[in-house]
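So in full-length UniProt numbering, the last spot in the sequence shown is 252, and the numbers never skip.
Glycine included, each C-beta is placed from N, C-alpha and C at the ideal position.
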Amino acid sequence: MRPASTLLDSFIAHRQHGRKALAVLLDPDDFTEAGLRDLLARVAEHPVDYFFVGGSLVLSAHQAALLALLKAHSTVPVLLFPSHSLHLEGPADGLLLLSLISGRNPEFLIGQHVVAAPRLHASGLELLPTGYLLVDSGRPTTASYMSGTAPLPHDKPGIAATTALAGEQLGLRLTYLDAGSGALHPVSAAMIAAVRATVATPLIVGGGLNTAEKLTAALAAGADVVVVGNRIAEEPAFLAAAVAAVRSSVAG
Numbered sequence: 001m002r003p004a005s006t007l008l009d010s011f012i013a014h015r016q017h018g019r020k021a022l023a024v025l026l027d028p029d030d031f032t033e034a035g036l037r038d039l040l041a042r043v044a045e046h047p048v049d050y051f052f053v054g055g056s057l058v059l060s061a062h063q064a065a066l067l068a069l070l071k072a073h074s075t076v077p078v079l080l081f082p083s084h085s086l087h088l089e090g091p092a093d094g095l096l097l098l099s100l101i102s103g104r105n106p107e108f109l110i111g112q113h114v115v116a117a118p119r120l121h122a123s124g125l126e127l128l129p130t131g132y133l134l135v136d137s138g139r140p141t142t143a144s145y146m147s148g149t150a151p152l153p154h155d156k157p158g159i160a161a162t163t164a165l166a167g168e169q170l171g172l173r174l175t176y177l178d179a180g181s182g183a184l185h186p187v188s189a190a191m192i193a194a195v196r197a198t199v200a201t202p203l204i205v206g207g208g209l210n211t212a213e214k215l216t217a218a219l220a221a222g223a224d225v226v227v228v229g230n231r232i233a234e235e236p237a238f239l240a241a242a243v244a245a246v247r248s249s250v251a252g
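As structure tokens, this is what we get:
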């Protein structure tokens with residue numbers, strides 16, 4: 001029996017009730033145990049809604065240890081954010097089952113999913129089918145390189161909206177617009193607004209959201225969940241400003 005969709009329900013509730021949410025993306029290659037303990041102490045003071053764990057190029061062998069530490073010292077839901085069928089180890093609450101619908105590489109549309117399906121079926125993880133759209137950010141990103149796909153043009157919100165709509169029609173339950181780690185430019189407000197106006201799925205936006213102003217703009221444009229990764233890895237004190245920006249935002 002598959003687990004009840006408690007995590008998916010929480011994303012839907014954010015969408016339905018206008019409760020904006022913050023996810024912190026943790027790349028196992030960027031965090032030491034000491035650094036993670038420091039971050040968890042900050043999260044205890046400035047609570048976040050989700051931890052996403054993963055990255056486009058996970059080189060380290062300590063993802064499982066990072067996940068164990070998160071589960072032992074925090075009640076924040078932990079979701080795996082895998083870029084490959086090999087990145088599934090360690091305790092977690094759920095998994096963003098990403099289909100890279102912005103690209104045309106069959107490996108990331110369905111191929112890796114077939115490889116991972118038996119392990120996921122036996123894992124007990126809650127699976128959240130997610131339409132994943134990479135968006136051009138002004139520089140090549142690890143995600144686009146590793147996936148062998150071109151990102152959506154930054155200035156073509158209509159393409160993003162119709163792509164997201166196709167994902168929704170295929171039954172994907174979440175939509176994720178991502179400019180990628182270290183993005184020069186975040187996903188534009190125009191693109192977020194176009195996607196928000198087109199699909200009913202909860203909308204996650206990440207990549208390049210490295211200031212409170214950018215977080216606020218993404219939320220005002222229609223994001224339900226914003227994701228911060230690199231900035232917090234480099235400057236953990238930014239967490240307080242990020243949380244304040246999200247908590248002060250309301251649905252438009």
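According to the Cβ coordinates, are residue 272 and Pro-140 closer than 7 Å?
-> For the chain, the structure presents residues 1 to 252; residue 272 sits outside this window and is missing.
Kindly indicate which residue of His-17, Leu-127 and Ile-101 has the alpha-carbon position closest to the one of Ile-159.
-> Ile-101
Pair within 7 Å by beta-carbon distance, Thr-202 and Phe-11 = Note that residue 202 corresponds to Pro in the displayed sequence, not to Thr. Yes, these two residues count as a Cβ contact at 7 Å.
Backbone CA spacing between Asp-93 and Ser-74 [nearest angstrom] | 12 Å
Taking buried to mean at least 16 other C-beta atoms within 10 Å of its own C-beta, is Arg-2 buried or exposed?
-> Below a pLDDT of 50, predicted positions are generally treated as unreliable, and Arg-2, at 49, falls in that range; no measurement from the model is reported.
What are the uninterrupted segments assigned as beta strand (DSSP E) that are 3 or more residues long and contained completely in the segment 135-219, given in chain order?
-> If only uninterrupted beta strand (DSSP E) runs of at least 3 residues are considered, those enclosed by the segment 135-219 are 174-178 and 203-206.
Buried/exposed call for Glu-126, threshold 16 Cβ in 10 Å = buried
Residue burial classification, Ala-233 (beta-carbon count within 10 angstroms, cutoff 16) | Counting Cβ neighbours within 10 Å, Ala-233 comes out buried, since at least 16 surround it.
Using three-state DSSP, classify Ala-21 as helix, strand or coil.
-> strand
What is the residue span of the beta strand (DSSP E) that Gly-35 lies within?
-> Unbroken run through Gly-35 is the alpha helix (DSSP H), 33-45; no beta strand (DSSP E).
For Ser-123, three-class secondary structure by DSSP = helix
Residues of its chain near Ser-147, where Cβ-Cβ distance is below 7 Å and the 5 sequence neighbours each way are ignored = Leu-100, Gly-103, Asn-105 and Phe-108
In this structure, what does DSSP give as the bridge partners for Pro-129?
-> Leu-97
Bridge partner(s) assigned by DSSP for Val-226 = As computed with DSSP, Val-226 is found in a beta bridge with Leu-22 and Val-205.
Since Leu-88 sits in a beta bridge, which residues does DSSP pair it with?
-> In DSSP, Leu-88 forms no bridge with anything.
Do Ala-63 and Pro-91 have their C-beta atoms within less than 7 Å of each other?
-> First, the residue type needs correcting, since residue 63 is Gln and not Ala in the sequence shown. It is not a contact, given that the beta carbons lie outside the stated cut-off.
Taking the alpha carbon of Val-199 as the point to measure from, which residue in Lys-20, Val-53 and Leu-170 has its own alpha carbon closest?
-> Leu-170
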